[in-house]
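Chemist:
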Ligand SMILES: [Zn+2]
Ligand SMILES: [Zn+2]
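Residue numbers (this note's numbering): 7 to 177.
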């Protein structure tokens, strides 16, 4: 997904409005694979404009990532909202340093730009809830719905010694 900024640079346009939505079904060339999610829904609006001999971008987006919960594997979602403001290039089209890989001649790679921000803002794990109990590693039940009788803690000799200490005192 690209935006041609030639008309901003030559002065033909003052503003380029941006509004688009990406849903699971739609074809788009943004490489969402790197997010490793089942689906993504993205809504974005903003503008590119020229001011004081430089080209700027102002953008807001909402992204919903859907993937299995990292603990219990039920489908869960993570919502990200973000606002971006950046200077893209000077009036000759010379890109600013941290934008350089996003400007191919006069095409601004807006999809990559948003993707980088999603990667920076997302939580490393998608969880159905912070309190998710996950799945018992021994019997496989979903501990959010069921209890099981498996030993939940692995054997810890320090705790065992402490237990003996209290047991001895009680006798
Ligand atoms: Zn969960
Ligand atoms: Zn169990």
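Ideal placement from N, C-alpha and C gives every residue a C-beta, glycine not left out.
As the structure is a computational prediction, the values presented were derived from the model and not from experiment.
Using the DSSP secondary-structure output, state which residues sit across from residue 46 in a beta bridge.
Modeler: For residue 46, DSSP records a beta bridge to 71.
Chemist: Where in the segment 55-108 do unbroken runs of the beta strand (DSSP E), each at least 3 residues long, occur, reported from the N-terminal end onward?
Modeler: 60-74, 81-96
Chemist: Here's the rule I'm using: 16 or more other beta-carbon atoms within 10 Å means buried, otherwise exposed. How should residue 61 be labelled?
Modeler: buried
Chemist: Quick one: what's got a C-beta closer than 6 Å to residue 87's C-beta in the same chain, skipping five residues either side?
Modeler: 68
Chemist: Nearest-angstrom Cα distance between residue 117 and residue 140?
Modeler: Distance between the alpha carbons of residue 117 and residue 140 is about 34 Å.
Chemist: Indicate the three-state DSSP secondary structure (helix, strand or coil) for residue 147 in the structure shown.
Modeler: Three-state DSSP puts residue 147 in coil, outside helix and strand.
Chemist: I'd like to check one pair, residue 85 with residue 70: are the Cβ atoms closer than 8 Å?
Modeler: yes
Chemist: Just to check, is the beta-carbon of residue 138 closer than 7 Å to a non-hydrogen atom of ligand 2?
Modeler: no
Chemist: Would you mind working out which of 56, 143, 156, 21 sits nearest residue 93, comparing C-alpha positions?
Modeler: 56
Chemist: For a test of the three-state rule: what should DSSP assign to residue 122, helix, strand or coil?
Modeler: helix
Chemist: Would you check if there are 3 or more beta carbon pairs closer than 8 Å linking the segment 139-156 to the segment 71-78?
Modeler: The segment 139-156 makes contact with the segment 71-78: 3 or more CB pairs, one atom from each, lie closer than 8 Å.
Chemist: Does the distance between the C-beta of residue 82 and the nearest non-hydrogen atom of ligand 1 fall short of 7 Å?
Modeler: yes
Chemist: Taking residue 44 as the reference, which of 54, 135, 29 has the closest Cα?
Modeler: 29
Chemist: I believe residue 36 touches residue 65 by the beta-carbon criterion, under 8 Å. Please report the beta-carbon distance rounded to the nearest angstrom.
Modeler: Residue 36 to residue 65, Cβ: 14 Å. No contact.
Chemist: Going by alpha carbons, who is nearest to residue 131 out of 148, 153, 109, 72?
Modeler: 72
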